[in-house]
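Trainee: The sequence shown runs 1 to 162 under the working numbering.
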Amino acid sequence: MEANKKAAEFSQAASNAFPIPNNTSSPATLLLGRLEKVIDRGGGQYSALCPAHEDKSPSLSIKETDDRILLYCFAGCSAGDVTAAVGLSLADLYERPLDDRRLLLKRPRFDARALLLMLKHEATKVAIAAHDIAEGRTLTEDDRKALETASRRISRAMEAVT
Ligand SMILES: [Zn+2]
1 MEANKKAAEF SQAASNAFPI PNNTSSPATL LLGRLEKVID RGGGQYSALC
51 PAHEDKSPSL SIKETDDRIL LYCFAGCSAG DVTAAVGLSL ADLYERPLDD
101 RRLLLKRPRF DARALLLMLK HEATKVAIAA HDIAEGRTLT EDDRKALETA
151 SRRISRAMEA VT
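#1: Could you work out which residue in Gly43, Leu71, Ala84 is closest to Ile59 when comparing CA atoms only?
#2: To which residues of the same chain is Ala150 closer than 7 Å at the C-beta, ignoring the five residues directly before and after it?
#3: Determine which residues share a DSSP beta bridge with Cys73 and list them.
#4: Could you check which residue in Cys50, Ala75, Ala79 has the C-alpha nearest to that of Arg68?
#5: In this structure, does DSSP put Arg68 in helix, strand or coil?
#6: Could you give the residue range of the alpha helix (DSSP H) that holds Arg34?
#7: When you compare the CB positions of Ala48 and Ala85, do they come within less than 8 Å of one another, or not?
#8: Could you name the residues that DSSP lists as bridge partners for Asp40?
#9: Which residues neighbour ligand 1 when neighbourhood means a C-beta less than 5 Å away from any of its non-hydrogen atoms? List them by chain order.
#10: When the Cα of Thr29 is compared with those of Leu93, Val82, Asp81, which residue comes out closest?
#11: Alpha carbon to alpha carbon, how far is Ala157 from Glu148?
#12: To the nearest angstrom, how far is the alpha carbon of Asp66 from that of Gly44?
#13: Classify Thr140: buried if its beta carbon has 16 or more other beta carbons within 10 angstroms, exposed otherwise.
#14: So, using beta-carbon positions, are Ile154 and Leu117 closer together than 8 Å?
#15: Go through its chain and collect everything with a Cβ distance to Cys77's Cβ below 7 Å, but skip five positions before and after it.
#16: Around the C-beta of Ile167, are 16 or more other C-beta atoms found within 10 angstroms, so that it is buried, or is it exposed?
Right under this line is the structure:
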């Protein structure tokens, strides 16, 4: 029971630290919704009228991959022409906007030394308290609070590196 609660708390903390991007509108949904005469060819492949030129029969080929949408117009329009014609940009073809990706890469690194110093400090408090208890001394209310803080800080240190 207790272990389950802890695991749930930890996964909650982890998801707060790294929010899962809202992907309710995938690039495919976004693009296909703006095209005409979309034909699902299966396996993540579609064809549709190319919005970038006067298209009578679907000459735009669309292919979904793991992280992006590939476009090919048999009349020679570029992917940029196609996306611009339906009010999108090339970045919209990616699973996540390019700007978000850059932000993920630039996420500040935690300061390992500061983290270890904090842990050392808190561990020292715990050691002193353990020594006092072993000597038969009763912990004061302040000591007890300091130990609770130490426990909380040590537990939370993990969040900085996950
Ligand atoms: Zn075209």
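Built from N, CA and C at the ideal position, the CB exists for glycine as well. Nothing here was measured: the structure is a model prediction, and the numbers come from that model.
Mentor: Result, derived from the coordinates:
#1: For the purposes of this step, residue 59 is taken as residue 59 along the sequence shown, with counting starting at 1. Sequence check: residue 59 is Ser here, not Ile. Checked all of Gly43, Leu71, Ala84; the closest Cα to Ser59 is Leu71.
#2: Along the sequence shown, read from residue 1 onward, the residue named residue 150 stands at position 150. Result list for Ala150: Glu122, Lys125, Val126, in chain order.
#3: Position 73 of the sequence shown, counted from the first residue, corresponds to residue 73. Looking at the DSSP assignment, Cys73 forms a beta bridge with Leu60.
#4: Numbered from 1 along the sequence shown, position 68 holds the residue referred to as residue 68. For Arg68, the nearest C-alpha among the options comes from Ala79.
#5: The sequence position of residue 68 within the sequence shown is 68, counting from 1. Here Arg68 sits in strand by DSSP.
#6: Mapped onto the sequence shown, residue 34 falls at position 34. Counting along the chain, Arg34 falls outside any alpha helix (DSSP H), and DSSP gives it neither H nor E.
#7: Locating residue 48 in the sequence shown gives position 48, counting from the first residue. Locating residue 85 in the sequence shown gives position 85, counting from the first residue. Contact: no.
#8: Within the sequence shown, numbered from 1, the residue matching residue 40 stands at position 40. DSSP lists Tyr46 as partners of Asp40.
#9: Cys50, Ala52, His53, Cys73, Ala75, Cys77
#10: Sequence index remark: in the sequence shown, residue 29 carries index 29 (1-based). Checking every option, the nearest Cα to that of Thr29 belongs to Leu93.
#11: Locating residue 157 in the sequence shown gives position 157, counting from the first residue. Locating residue 148 in the sequence shown gives position 148, counting from the first residue. Going by the C-alpha atoms only, they are around 14 Å apart.
#12: Within the sequence shown, residue 66 is the residue found at index 66, counting from 1. Within the sequence shown, residue 44 is the residue found at index 44, counting from 1. Cα-Cα distance, rounded: 10 Å.
#13: Taking the sequence shown and counting its residues from 1, one reaches residue 140 at position 140. Exposed: under 16 other Cβ atoms inside 10 Å.
#14: Mapped onto the sequence shown, residue 154 falls at position 154. Mapped onto the sequence shown, residue 117 falls at position 117. Contact flag unset, no.
#15: Within the sequence shown, numbered from 1, the residue matching residue 77 stands at position 77. Cβ neighbours of Cys77 beyond the five flanking positions: Cys50, Ala52, His53.
#16: What is shown of the chain runs 1 to 162, which leaves residue 167 out entirely.
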